[in-house]
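Counting from 1 along the sequence shown, just add 58 to a position and that's the residue number in our numbering. Using N, Cα and C, we set each Cβ at its ideal position, and we do this for glycine too. These numbers were taken from a predicted model, which means no experiment stands behind them. These notes are about the structure you will find just below.
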Amino acid sequence: MEIEKRKMAAISAAVSAYRKEEKETSAIESPTTSFQVLSNVWGLSGRQAIMHMRNLLQCRIFHK
């Protein structure tokens, strides 16, 4: 029973040390924005159109 308590204490200490280190690391890093800026809207539109046509071909809806 004593060994189980020691194991649990070691695990708890390791987890808390890891979380503390992660918190310190994230505080040091520069904050980033939570949104992405679409830099190439036309490229995105073209890729989306290509994927849509491929989907239609796969569903055999597209007729020449």
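| Asked | Found |
| --- | --- |
| At which residue ranges does the segment 95-119 contain complete alpha helix (DSSP H) runs of 4 or more residues, listed in the order of the chain? | 99-116 |
| From which residue to which residue does the alpha helix (DSSP H) around methionine 38 run? | No answer is possible for residue 38: the residues shown for the chain start at 59 and end at 122. |
| In chain order, what residues of the same chain have a beta carbon less than 8 Å from the beta carbon of serine 97, not counting five sequence neighbours either side? | none |
| Can you give me the C-alpha to C-alpha distance between tyrosine 76 and serine 84, rounded to a whole angstrom? | 12 Å |
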